[in-house]
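Report on the structure given below.
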Amino acid sequence: MMGQSEHIAEIIISSLMSMTLMLLMGILGFPIIINNTKYNKAIFTMKAVKLAFFWSLLPAGLLIITGTDFTINTWEWFHISTFTIYTSVKIDYYAAVFLPVALYVTWSILQFALWYMEKDHNIDQFFKYLLIFLISMIILVTANNLFQLFIGWEGVGIMSFLLISWWFGRPDANSAALQAVLYNRTGDLGLFVMMAWTMTSTNSWELDDIFLHSQNQNMTMPALALILAAAGKSAQFGLHPWLPSAMEGPTPVSALLHSSTMVVAGIFLLIRFYPIIEQSKTAMTTCLWLGSLTTLFTAACALTQNDIKKIIAFSTSSQLGFMMVTIGLGQPRLAFLHICTHAFFKAMLFMCSGVIIHSLKNEQDIRKMGGMYFLTPLTASCITLGSLALTGTPFLSGFYSKDAIIETLNSSHLNACALSMTLIATSFTAVYSLRILYYVLGGQPRFNSLSPINENDPNLNTSLMRLAVGSLIFGQLITMSLPPKTTSVLTMTLTMKMTAILVTLTGLTTALLLTQSDSLHKKLWSHLPLHFTTLLGFFPLTIHRLLPKLTLQMGHLISSQLIDQTWFKLLGPKAILKSSMSLSKYINTIQLGLIKLHLMSFTIALLTTAFIYTIMT
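Heads up, the sequence shown is in full-length UniProt numbering, so the first residue is 1 and it goes up one at a time.
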């Protein structure tokens, strides 16, 4: 009887979960398909996301109560010979937690966009694009097979192109959108390789089948392919230049893209396929080194940037590298926890930067700001709170994930160089965060005093305060309700336990020393390190300038020298014709039947045979 009742309860919960997801997608899809102009579509879209957030708490609550994952197979998509693709949804720990986080953050961003984009003539279309962006990410997160995951993966890529280039009259926006597409397409090759490998090796794209059949196979190649895909989407070192350029889009796009959608899709891919990643030591080491290099390089670049949005964009790339390091340490749950906590304060930081830029007539240089603490008190409080959460200040949301990751990092026995690079990058986080606060909030205003500054809008204030609440309580809330699967090291020295705080304090002290030297006009940077970090490690200069210039010069050389001066004709058709005629004359001479040619051929063959025989014996 107990077994039968448990089975009935499981069926009821699965049915309830299916109905919840169907209704959730219906709520989100309804604003896209309606064409009724009676209502304000932007406000209607925002309210739909708000309703979807409260509805998404139901699957999260069911997962917390039952403690079991749910897989829902609906119908067969298509069938080819022995290969079948089903429409399948997976609601596990990651999907159930990520859904309310993404919807909560998107709800706040959409409400902020009502204020920020109110003068845009096509605001309804803008909100529709943002909603499709969110739906694509939800499809990716809840997918239980590679085909659905691929749909969500390409969906966020396409929508990022459309949203980054929203202001298509700006050449920089169009260039940034093309960069995002091209760099992501390079990473997409890895996902294509993974899909081809699973089709040929496991004859299935279902995640459970892939994990089952991969236990006794060499998984290095598919694991490295997954890392390549994640490196493109999450802007890891080598494929990172597109992420700072993506801030050319509207601020709501930057807030959504950098917090809970596109850039975390690559890290989420590795978390979802961690059973494959952990089977390859090469893949784990690659994650560790790639993440540490990314987090250090981008944190160093953020130190010398003067564009407020670019500094926050580089901080995103640095945190993505930090998540990659966490996967290399063998802690995918901690990486996911950092994704969720990071979403709140990163969206809030971008929105605060948008308020400041909007108030200062599109001024983005922090050297031309100052005194904003008294002019925009709410924005100043929120950007301070977000910066403190980013540095891992105790009892803010960023602390609960960052402190646990650094504790795991200190107690591991892996590459000390990579781990040291990660700790240095963590201290740099405090430096550039305090630098933003010093230049933007402190001192006297360094801008035109006639700029109208007003933050007394309900949509602006409510959205910022909502994310501020999430940055305050979410870390403690999620750690209380969903404890980790693995137990951390219980015996640690006080120094190791306090490493996260000590590293942050070191960064803050360094930043204070730098501000004092700045007030005394002392030169601290030599030219080479300054140029290296300011010019982003010379990556854009090399990839976007030097390589196209070499290609153009090579094309000019081919057209002017080889083609115009007939060298191409002389070395091509005429050279082949001349060599063919010479060869035909020689063959014609052999075919004349002269006795001396036959004797010479016989002698050469005899001597060659004798030589080979002598060597062999």
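Where a beta carbon is used, it is the ideal one built from N, C-alpha and C, also for glycine.
Taking a contact to require three or more Cβ pairs closer than 8 Å, the stretch 202-214 and the stretch 167-182 do not qualify as touching. In this structure, Ser-260 lies away from Ala-180, with their beta-carbon atoms at least 8 Å apart. DSSP, read as helix, strand or coil, puts Phe-83 in strand. Distance from the Cα of Thr-509 is smallest, within the candidate group His-544, Ser-433 and Gln-279, for Ser-433. CA-CA distance, Cys-340 to Leu-103, rounds to 12 Å.
The three-state secondary structure of Asn-35, taken from DSSP, is coil. The Cβ atoms of Leu-114 and Ile-11 do not sit closer than 8 Å to each other. In this structure, Asp-124 is the residue among Phe-78, Tyr-373 and Asp-124 with its C-alpha nearest to the C-alpha of Asn-35. Between Ile-135 and Val-264, the alpha-carbon positions lie close to 15 Å from each other.
Taking the C-beta atoms as reference points, Ile-271 is found nearer than 8 Å to Phe-336.
Annotation note: the stretch 424-481 contains the following uninterrupted alpha helix (DSSP H) runs of length 4 or greater, listed N- to C-terminal: 458-481.
Around the beta carbon of Ser-471, 16 or more other beta carbons sit within 10 angstroms, so the residue counts as buried. Short of 6 Å from the beta carbon of Phe-147, and not among the five residues preceding or following it, lie these beta carbons of its own chain, in chain order: Ile-85 and Trp-205.
Glu-248 counts as buried, since at least 16 other C-beta atoms from the protein chains shown sit within 10 angstroms of its C-beta. The beta carbon of Ala-230 is closer than 6 Å to those of Gly-266, Leu-269 and Leu-270 in its chain, skipping five residues each way along the sequence. Of the candidates Tyr-129, Asn-73 and Leu-62, Tyr-129 places its Cα closest to the Cα of Ile-32. Fully enclosed alpha helix (DSSP H) runs of no fewer than 4 residues occupy 372-375, 377-391 and 397-411 of the stretch 367-421, in order along the chain.
Distances from the CA of Gly-386 to each of Leu-423, Leu-467, Lys-402 and Ser-359 were compared; the closest alpha carbon is that of Leu-467.
Secondary structure at Asp-209: helix, using DSSP grouped into helix, strand and coil.
By a beta-carbon distance limit of 8 Å, Leu-390 contacts Thr-429. Their separation comes to about 6 Å. Within its own chain, the residues whose Cβ lies closer than 6 Å to the Cβ of Asn-306, once the five positions on either side in sequence are excluded, are Asp-365, Ile-366 and Arg-367, listed in chain order. Here Tyr-586 is exposed. Its C-beta has fewer than 16 other C-beta atoms within 10 Å.
Just measuring C-alpha positions, the residue of Phe-150, Phe-314 and Leu-546 sitting nearest Thr-534 is Phe-314.
Three or more Cβ pairs closer than 8 Å define a contact, and the stretch 233-253 meets that threshold against the stretch 153-168. Taking C-beta separations shorter than 7 Å and ignoring five residues to either side along the sequence, the partners of Asn-410 in its chain run Met-496 and Thr-499, following chain order. With contact defined as three or more Cβ pairs closer than 8 Å, the stretch 396-416 and the stretch 370-383 are not in contact.
Secondary structure at Phe-168: coil, using DSSP grouped into helix, strand and coil. Your pair Gly-187 and Gly-155 does not check out as a contact, with CB atoms roughly 15 Å apart and the cut at 8 Å. Taking C-beta separations shorter than 7 Å and ignoring five residues to either side along the sequence, the partners of Gln-111 in its chain run Met-46, Asn-459, Thr-462 and Ser-463, following chain order. Cβ contact annotation for Pro-241 (same chain, cutoff 6 Å, sequence separation greater than five): Phe-539 and Pro-540, in chain order. Taken atom to atom, the span from the alpha-carbon of Ser-214 to that of Tyr-439 is near 53 Å. Counting only the Cα atoms, Ile-151 lies some 21 Å from Phe-70. Apart from sequence neighbours up to five positions away, the residues of its chain that approach Ala-302 with a beta-carbon distance below 6 Å are Ile-311, Phe-314, Ser-315 and Tyr-432, ordered along the chain. In the DSSP assignment, Asp-124 falls within the alpha helix (DSSP H) that extends over 123-142. Trp-107 places its beta carbon 8 Å or farther from that of Val-193.
Boundaries of the alpha helix (DSSP H) around Met-348: 332-359.
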